[in-house]
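**Student:**
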Amino acid sequence: MKIAAFDIGGTNIKWGIVTDGGEIVDKGSFPSRVQDGADQLIENVQHKSRQLKEEYSVSGIAISTAGQVNSDKGEIVHATGNIPGYTGMKVAARIESAVGLPVRVENDVNCTALGEAWRGNARGVKNFFCVTLGTGIGGALVMENNLVPGASWCAGEMGHMPLYPGGLTCTCGNRGCLEQYASASALERQVEIQKGRFVSLPEFFEEVRNGVAESVRIFETWVDHLACGLQSIVHLLNPSVLIIGGGISAQGSLLTDAITESLSGKVMPNHFSALHVRIAGKGNEANLLGAVSHYLDNQ
């Protein structure tokens, strides 16, 4: 059986043809064009779905998307202004009616976790927390092999845990949220402020690897902020694995070793003894795989 999977983001929409065994047999992407609004975005997904249905004889459609998602109904409960008009969008119903195939929809960070549980670095792990570091910080919780959606479909919002009450203003309207200090964009911002010029993150991490003192100091402060947030997650939930995703996860052991070292001085010994920090192994494919995993579990 083949499933057409989509990962809807603010810049691009990735697609893949995925077997029920987790093999991606083809994939591609096209621009989200969010400036055209949510209705046009969904029409673009409908159009591509019809093409994939004809070309690959897919049995269904699995969608990973930004926003808080009622996965039972396939609706967007809440979305930021990154996709105008997306809040309240009945994604599953709209695409099902246009394409004539069953559709399942899940939040993108939840899909990262599901993809890692199915085919990635959380395979066989019963209790783990998945963190994605990008413009903000997303989180997803798996306990006893089950994704925890929360009472209103928004569990795991780690980025909006308070780090510095009264601190930097966050996009959510509060002040001092973790993602204002520990996201990838926060790191990029601090690098520019402290160096007085823009430095790309790949260039910055090369400086860290080469032992440039100023860059090492900025990196260590950023890791300390991130570890403060993860400390609360570990103490509250006692996961055995933390999965680190997002583009910044390409830094591999530089990142996981630094996080582990910082956590070792913050987390109580019994919590730390069971803990492993891992990079998301499936990278950009995790969301496509997670969407299909969700589809297969909810046929």
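Numbering-wise (this note's numbering), the sequence shown opens with residue 113 and increments by one.
Beta carbons: idealized from backbone N, C-alpha and C, even for Gly.
Might you give, ordered along the chain, the residues of its own chain that have their beta carbon closer than 6 Å to the beta carbon of residue 266, omitting 5 neighbours on each side?
**Tutor:** Here residue 266 refers to the residue found at position 154 when the sequence shown is read from its first residue. If we look at residue 266 and ignore the five residues flanking it on each side, its Cβ neighbours are 180.
**Student:** Could you check whether residue 203 and residue 189 sit closer than 8 Å to each other, using their CB atoms as the reference points?
**Tutor:** In the sequence shown, the residue the question calls residue 189 occupies position 77. In the sequence shown, the residue the question calls residue 203 occupies position 91. No, these two residues do not count as a Cβ contact at 8 Å.
**Student:** Spatial neighbours of residue 306 within its chain, please: C-beta separation below 8 Å, excluding the five flanking residues on both sides.
**Tutor:** Position 194 of the sequence shown, counting from 1, holds the residue named residue 306. For residue 306, where only same-chain residues beyond five positions count, the Cβ hits under 8 Å are 326, 330.
**Student:** Thinking residue 170 and residue 115 are a contact (beta carbons under 8 Å), I'd like their distance in whole angstroms, please.
**Tutor:** Residue 170 sits at position 58 when you count from the first residue of the sequence shown. Residue 115 sits at position 3 when you count from the first residue of the sequence shown. At roughly 6 Å, the Cβ-Cβ gap stays under 8 Å, so residue 170 and residue 115 are in contact.
**Student:** Grouping DSSP H, G and I as helix and E and B as strand, with all else coil, what is residue 286?
**Tutor:** Translated into the one-based positions of the sequence shown, residue 286 becomes position 174. Three-state result, residue 286: coil.
**Student:** Would residue 256 and residue 239 be called neighbours here (beta carbons separated by less than 8 Å)?
**Tutor:** The residue given as residue 256 occupies position 144 in the sequence shown. The residue given as residue 239 occupies position 127 in the sequence shown. Their beta carbons are under 8 Å apart, which means residue 256 touches residue 239 by this criterion.
**Student:** Evaluate the contact criterion for the region 358 to 378 versus the region 195 to 211: three or more CB pairs, one atom per stretch, below 8 Å.
**Tutor:** Too few Cβ pairs lie closer than 8 Å, so no.
**Student:** Where do the ends of the beta strand (DSSP E) carrying residue 236 lie?
**Tutor:** For this step, residue 236 is matched to residue 124 along the sequence shown. Note, residue 236: premise wrong, no beta strand (DSSP E); not H, not E.
**Student:** What's the call for residue 137, buried or exposed, on a 16-neighbour Cβ count within 10 Å?
**Tutor:** Within the sequence shown, numbered from 1, the residue matching residue 137 stands at position 25. Exposed, because fewer than 16 other Cβ atoms sit within 10 Å of the Cβ of residue 137.
**Student:** How big is the Cα-Cα spacing for residue 182 and residue 229?
**Tutor:** Residue 182 sits at position 70 when you count from the first residue of the sequence shown. Residue 229 sits at position 117 when you count from the first residue of the sequence shown. Near 21 Å, if we compare the C-alpha coordinates of residue 229 and residue 182.
**Student:** If we count the other Cβ atoms within 10 Å of its Cβ and call it buried at 16 or more, is residue 322 buried or exposed?
**Tutor:** Numbered from its first residue, the sequence shown carries residue 322 at position 210. Exposed, since its Cβ has fewer than 16 Cβ neighbours within 10 Å.
**Student:** Among 184, 178, 313, whose alpha-carbon lies nearest the alpha-carbon of residue 193?
**Tutor:** Position 81 of the sequence shown holds residue 193. Residue 178 is the option with its Cα nearest to residue 193.
**Student:** My assumption, with CB atoms under 8 Å, is that residue 198 sits in contact with residue 150. Please give the rounded CB distance.
**Tutor:** For the purposes of this step, residue 198 is identified with residue 86 of the sequence shown, where counting begins at 1. For the purposes of this step, residue 150 is identified with residue 38 of the sequence shown, where counting begins at 1. That pair is a contact at about 4 Å.
**Student:** Counting only the same chain and skipping the five closest in sequence on each side, list residues whose C-beta sits under 7 Å from that of residue 221.
**Tutor:** Here residue 221 corresponds to residue number 109 of the sequence shown, with the count starting at 1. Excluding residues within five positions, the ones whose Cβ falls inside 7 Å are 242, 244, 250, 251, 252, 268.
**Student:** Nearest to residue 165 by CA position, among 344, 367, 214, is which residue?
**Tutor:** Reading the sequence shown from its first residue, position 53 is the one you call residue 165. Nearest C-alpha to residue 165: 214.
**Student:** Please list the terminal residues of the continuous alpha helix (DSSP H) segment that includes residue 349.
**Tutor:** Position 237 of the sequence shown holds residue 349. It spans 325 to 349 - the alpha helix (DSSP H) in which residue 349 sits, taken as one unbroken run.
**Student:** Please return the same chain residues whose Cβ sits closer than 6 Å to the Cβ of residue 225, not counting the five positions on each side in sequence.
**Tutor:** As a first step, residue 225 must be located in the sequence shown, where it is residue number 113. 242, 252, 254.
**Student:** Can you tell which of 400, 369, 394 has the C-alpha that lies nearest to the C-alpha of residue 387?
**Tutor:** In the sequence shown, residue 387 corresponds to position 275, counting from 1. That would be 369, whose Cα lies nearest to the Cα of residue 387.
**Student:** Which residues does DSSP pair with residue 244 in a beta bridge?
**Tutor:** Numbered from 1 along the sequence shown, position 132 holds the residue referred to as residue 244. Answer is 250, 357, bridged to residue 244.
**Student:** If we count the other Cβ atoms within 10 Å of its Cβ and call it buried at 16 or more, is residue 219 buried or exposed?
**Tutor:** Looking up residue 219 in the sequence shown gives position 107. With 16 or more Cβ atoms within 10 Å of its Cβ, residue 219 is classed as buried.
**Student:** Ends of the beta strand (DSSP E) at residue 402?
**Tutor:** Your numbering for residue 402 matches position 290 in the sequence shown. Unbroken run through residue 402 is the alpha helix (DSSP H), 398 to 409; no beta strand (DSSP E).
**Student:** What would DSSP say about residue 126, mapped onto helix, strand or coil?
**Tutor:** As a first step, residue 126 is located in the sequence shown; it is residue number 14 there, counting from the start. Residue state, collapsed to three classes: strand.
**Student:** Between which two residues does the beta strand (DSSP E) harbouring residue 176 extend?
**Tutor:** Working through the sequence shown from its first residue, we reach residue 176 at position 64. Note, residue 176: beta strand (DSSP E), 172 to 177.
**Student:** Among 365, 320, 385, 337, which has the Cα closest to the Cα of residue 350?
**Tutor:** Here residue 350 refers to the residue found at position 238 of the sequence shown. Looking at the Cα atoms, 385 is the closest of the given residues.
**Student:** Considering only C-alpha positions, which residue in the set 311, 410, 310, 300 is nearest to residue 335?
**Tutor:** For this step, residue 335 is matched to residue 223 along the sequence shown. It is 300 whose Cα lies nearest to the Cα of residue 335.
**Student:** Return the Cβ separation of residue 260 and residue 353 in integer angstroms, given the expectation that the two are a contact with Cβ distance under 8 Å.
**Tutor:** Position 148 of the sequence shown, counting from 1, holds the residue named residue 260. Position 241 of the sequence shown, counting from 1, holds the residue named residue 353. Their Cβ separation, rounded to whole angstroms, is 15 Å, which puts residue 260 and residue 353 out of contact at 8 Å.
**Student:** What is the DSSP secondary structure of residue 316, counted as helix, strand or coil?
**Tutor:** Within the sequence shown, numbered from 1, the residue matching residue 316 stands at position 204. Here residue 316 sits in helix by DSSP.
**Student:** Apart from the five residues just before and just after residue 345, which ones in its own chain have a Cβ nearer than 6 Å to its Cβ?
**Tutor:** Within the sequence shown, residue 345 is the residue found at index 233, counting from 1. So the qualifying residues of the chain are 241.
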